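**Q** A single structure is presented below for examination.
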Amino acid sequence: MSPGAGHALDASVLVLNKFYMAVHVISVRRAFCLLFKNLAEVITVDDGRYVAFNFASWREVSEARALFREPDDDFIRTVHFEIQVPRIIRLLMYDRMPRQTVKFIRPASFLSTTSFPAAGVAAPSGTTSFAPACSATCAKAGGLRAKPG
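Residues 3 to 151 in this note's numbering are what the sequence shown lists, from first letter to last.
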């Protein structure tokens, strides 16, 4: 292994579904497993275009890129070759959409208000903001109130 290979294997890779929507972040180890099994492809941006590579073509591209390494490029050395760590992969068969709902652990901890009481600044008219719920001190003083005007 090269000196930075351990660090490179601990990096993260963004996973896209087949519609190019972000669905997850995985380890480099898992990304290489998916690439090698032909379940995913590497996505890169070259000259303003998105380009996809399977494992074999990514290996060839990595050999060429190794000659002109950028400071932020990570490579992993195997017994027979060196391959660049991908930053984004796309799953070829996964077509589910990412979750659109946001789960609040404590829904009562956010109140819809038209001002920013902590800062004493009124929000622009017609907008709402989320402010943390009142502390015990704030509750004794009468709670959150919209600033007139």
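Backbone N, C-alpha and C fix where the C-beta goes; we use that ideal spot for every residue, glycine too. Nothing here was measured: the structure is a model prediction, and the numbers come from that model.
1) Can you grab the Cα-Cα spacing for the pair histidine 82 / leucine 36, in whole Å?
2) Give me, in chain order, the residues of the same chain whose beta-carbon lies closer than 6 Å to that of glycine 50; leave out the 5 immediate sequence neighbours on both sides.
3) For threonine 46, write down the residues that DSSP places opposite it in a beta bridge.
4) Within the same chain, show all residues whose beta-carbon is closer than 7 Å to that of tyrosine 52, passing over the 5 residues directly before and after it, in chain order.
5) Use the C-beta contact count for leucine 41: other C-beta atoms within 10 angstroms, 16 or more gives buried, fewer gives exposed.
6) Using 8 Å as the threshold, is the C-beta distance between isoleucine 85 and isoleucine 91 below it?
**A** In brief:
1) Translated into the one-based positions of the sequence shown, residue 82 becomes position 80. Translated into the one-based positions of the sequence shown, residue 36 becomes position 34. C-alpha separation (whole angstroms): 20 Å.
2) One-based indexing of the sequence shown puts residue 50 at position 48. Nothing listed; no residue qualifies.
3) Indexing the sequence shown from 1 puts residue 46 at position 44. According to DSSP, threonine 46 bridges with Val53.
4) Indexing the sequence shown from 1 puts residue 52 at position 50. Contacts found: Ile45.
5) On the sequence shown, position 39 is the one that residue 41 refers to. With fewer than 16 Cβ atoms within 10 Å of its Cβ, leucine 41 is classed as exposed.
6) Here residue 85 corresponds to residue number 83 of the sequence shown, with the count starting at 1. Here residue 91 corresponds to residue number 89 of the sequence shown, with the count starting at 1. No.
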